[in-house]
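This report concerns only the one structure given below.
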Ligand SMILES: [Zn+2]
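In our numbering, the protein residues as written are 1112 to 1591.
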């Protein structure tokens, strides 16, 4: 199952404020971009460009170049590292700064591989780390080499600035997130867990949403849906296409797919999604706020209309409040004039963390209600279920405080519809929080973003993220 950051939810501000903000922000951004960079800003940019220039696309997956760079930088600073490698060229690097042990460690996780590229789609060569127009361009710029660079810089700064630590700070630069978890997180969690065991973990999965150049809110991922797959198999008599048959297998299959896809699973909220919609309502227009509050109601007459609106206009919100089904693949037929006797379809299923999979499958069977269609779970690496990370923890409070300090924005605890490697650590009892830099929603429509044709980030937002990240780590692991 390739890593799937999925999309951090975005709600467009429906107010006329945008234009004015763009002008103000553009001026502010350019003046900050023009001010001379500090030595720390120069250095973290240098590390960022260095790791972006390494082609570590997966497949084929070769993270050794990135790890060699990290090893050199960390050892030069006298920070001990270990390499854990299940297969050649797929190293996982672990660096540790010792605290006084009064509290359990803090883990900083970043993945060093990226998804592939189509060079024709890039403004600048995808591994050139070109800086242009206030942006840095490169495959991995926002998924996930920004965390590789700020994680490295955080370790170097903690060491250099002699920050006294109550907790060990562990930096894990993991392999294989984009498709080969067996060499990365599964190898670390199953074979070398003591090397990364911690109370809290910071990783990808969240982000700060900018609309019209203005920060709207920060999403902090505390839980995620579990990717699964259902396979539908319909069987029926084979035949000649010139003689239509009542029990044509393909007819039954398509009816089953339509039934499963149009079924509306029940709404189910958890601590994270309840907090998400409550807080989102507080920063939305009255009309939007009414819907975000309505979906919290246990009365379907109240939540129903809001949910119906989401399913049409804000599908990501509809997906956050239920286990979901998306038909994605069909294997059927081989000749226009032959009625096939066996056909298959695959449904991408995402269950909520507390959803009982057997019960869900049983309901889908009932919804399809066709004995000639077999309904079964398909082979897929299923991530372990785990309760959401707590909202009343030191780590979450430190993240919230730094969102306020660095972005002057509200924090929305978020259920990710996609999946990250945090799932494997949460299943081990680690409280994991997904964070990320500020990105413009407008960039997504221009083809920039995680798993998109191109990736880029504003230099000013990369630098702000580096400061934000460092301060969270200091607040969680440093001595008060
Ligand atoms: Zn990623």
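For each residue, glycine too, the CB sits at the ideal point set by N, CA and C. Quick caveat: nothing in here was measured; it's all calculated off a predicted structure.
Per-residue burial, residue i [other beta carbons within 10 Å of its own, 16 or more giving buried]
{"i": "residue 1479", "result": "buried"}
{"i": "residue 1354", "result": "exposed"}
{"i": "residue 1439", "result": "exposed"}
{"i": "residue 1244", "result": "exposed"}
{"i": "residue 1437", "result": "exposed"}
{"i": "residue 1556", "result": "exposed"}
{"i": "residue 1254", "result": "buried"}
{"i": "residue 1428", "result": "buried"}
{"i": "residue 1406", "result": "buried"}
{"i": "residue 1590", "result": "exposed"}
{"i": "residue 1363", "result": "buried"}
{"i": "residue 1139", "result": "Because residue 1139 carries a pLDDT of 47, less than 50, the predicted location of this residue cannot be relied on, and the following value inherits that uncertainty. When all chains shown are included, residue 1139 counts as exposed."}
{"i": "residue 1376", "result": "buried"}
{"i": "residue 1304", "result": "exposed"}
{"i": "residue 1272", "result": "exposed"}
{"i": "residue 1358", "result": "exposed"}
{"i": "residue 1592", "result": "The question about residue 1592 has no answer here: the residues shown for the chain are numbered 1112 through 1591."}
{"i": "residue 1211", "result": "exposed"}
{"i": "residue 1410", "result": "exposed"}
{"i": "residue 1524", "result": "buried"}
{"i": "residue 1205", "result": "buried"}
C-alpha gap between residue i and residue j, whole angstroms
{"i": "residue 1247", "j": "residue 1264", "result": "17 Å"}
{"i": "residue 1503", "j": "residue 1382", "result": "11 Å"}
{"i": "residue 1413", "j": "residue 1167", "result": "49 Å"}
{"i": "residue 1485", "j": "residue 1250", "result": "41 Å"}
{"i": "residue 1281", "j": "residue 1208", "result": "6 Å"}
{"i": "residue 1159", "j": "residue 1374", "result": "46 Å"}
{"i": "residue 1238", "j": "residue 1330", "result": "28 Å"}
{"i": "residue 1291", "j": "residue 1577", "result": "28 Å"}
{"i": "residue 1309", "j": "residue 1217", "result": "5 Å"}
{"i": "residue 1302", "j": "residue 1510", "result": "30 Å"}
{"i": "residue 1418", "j": "residue 1546", "result": "27 Å"}
{"i": "residue 1569", "j": "residue 1256", "result": "14 Å"}
{"i": "residue 1435", "j": "residue 1402", "result": "20 Å"}
{"i": "residue 1185", "j": "residue 1175", "result": "15 Å"}
{"i": "residue 1361", "j": "residue 1574", "result": "55 Å"}
{"i": "residue 1235", "j": "residue 1188", "result": "33 Å"}
{"i": "residue 1513", "j": "residue 1472", "result": "42 Å"}
{"i": "residue 1266", "j": "residue 1515", "result": "23 Å"}
{"i": "residue 1549", "j": "residue 1326", "result": "7 Å"}
{"i": "residue 1368", "j": "residue 1287", "result": "33 Å"}
{"i": "residue 1146", "j": "residue 1152", "result": "11 Å"}
{"i": "residue 1137", "j": "residue 1324", "result": "In this prediction, residue 1137 has a pLDDT of 47, which is less than 50 and means its spatial position is unreliable; nothing more can be read from the coordinates."}
{"i": "residue 1366", "j": "residue 1450", "result": "16 Å"}
{"i": "residue 1496", "j": "residue 1466", "result": "9 Å"}
{"i": "residue 1404", "j": "residue 1349", "result": "53 Å"}
{"i": "residue 1582", "j": "residue 1195", "result": "29 Å"}
{"i": "residue 1584", "j": "residue 1193", "result": "21 Å"}
{"i": "residue 1388", "j": "residue 1491", "result": "31 Å"}
{"i": "residue 1311", "j": "residue 1171", "result": "31 Å"}
{"i": "residue 1551", "j": "residue 1571", "result": "13 Å"}
{"i": "residue 1487", "j": "residue 1494", "result": "18 Å"}
{"i": "residue 1559", "j": "residue 1232", "result": "11 Å"}
{"i": "residue 1252", "j": "residue 1580", "result": "16 Å"}
{"i": "residue 1386", "j": "residue 1426", "result": "19 Å"}
Nearest-angstrom beta carbon gap, residue j and residue i [assumed within contact, 8 Å]
{"i": "residue 1527", "j": "residue 1316", "result": "5 Å"}
{"i": "residue 1223", "j": "residue 1259", "result": "6 Å"}
{"i": "residue 1454", "j": "residue 1470", "result": "With a Cβ gap of about 27 Å, residue 1454 and residue 1470 do not count as contacting."}
{"i": "residue 1456", "j": "residue 1441", "result": "5 Å"}
{"i": "residue 1379", "j": "residue 1461", "result": "Not confirmed; about 13 Å, so no contact."}
{"i": "residue 1285", "j": "residue 1203", "result": "5 Å"}
{"i": "residue 1542", "j": "residue 1506", "result": "6 Å"}
{"i": "residue 1313", "j": "residue 1219", "result": "5 Å"}
{"i": "residue 1345", "j": "residue 1483", "result": "6 Å"}
**Prompt:** Does the region 1224-1233 come close enough to the region 1559-1569 to have 3 or more Cβ pairs within less than 8 Å?
**Reply:** yes
**Within the region 1448-1501, ranges of the beta strand (DSSP E) (whole runs, at least 3 residues)** = 1453-1462, 1484-1488
**Message:** Ignoring anything shorter than 3 residues, give me the beta strand (DSSP E) runs that lie fully in the region 1215-1291, in order along the chain.
**Reply:** 1217-1222, 1246-1248, 1280-1285
**Message:** Tell me whether the region 1329-1349 and the region 1526-1545 touch, counting them as touching only if at least three CB pairs, one residue from each stretch, are closer than 8 Å.
**Reply:** yes
**Message:** Three or more C-beta pairs under 8 Å: does that hold for the region 1521-1536 against the region 1289-1307?
**Reply:** yes
**Touching by the beta-carbon criterion (3+ pairs, under 8 Å), the region 1269-1280 and the region 1163-1181** = no
**Three or more C-beta pairs below 8 Å linking the region 1306-1322 and the region 1515-1529** = yes
**Message:** Which runs of the alpha helix (DSSP H) at least 4 residues long sit entirely within the region 1292-1332? Give them in chain order.
**Reply:** 1296-1302
**Prompt:** If you scan the region 1348-1396 from start to end, which runs of the alpha helix (DSSP H) of 4 or more residues do you find wholly inside it?
**Reply:** 1360-1373, 1382-1393
**Message:** Using a Cβ distance threshold of 8 Å, determine whether the region 1339-1348 contacts the region 1385-1401, with at least three qualifying pairs required.
**Reply:** no
**Request:** Give, in chain order, every unbroken run of the beta strand (DSSP E) that is at least 3 residues long and sits entirely within the region 1158-1226.
**Result:** 1192-1196, 1202-1208, 1217-1222
**Request:** With a floor of 3 residues, list each beta strand (DSSP E) that falls wholly inside the region 1510-1566, ordered by position along the chain.
**Result:** 1522-1527, 1542-1545, 1549-1551
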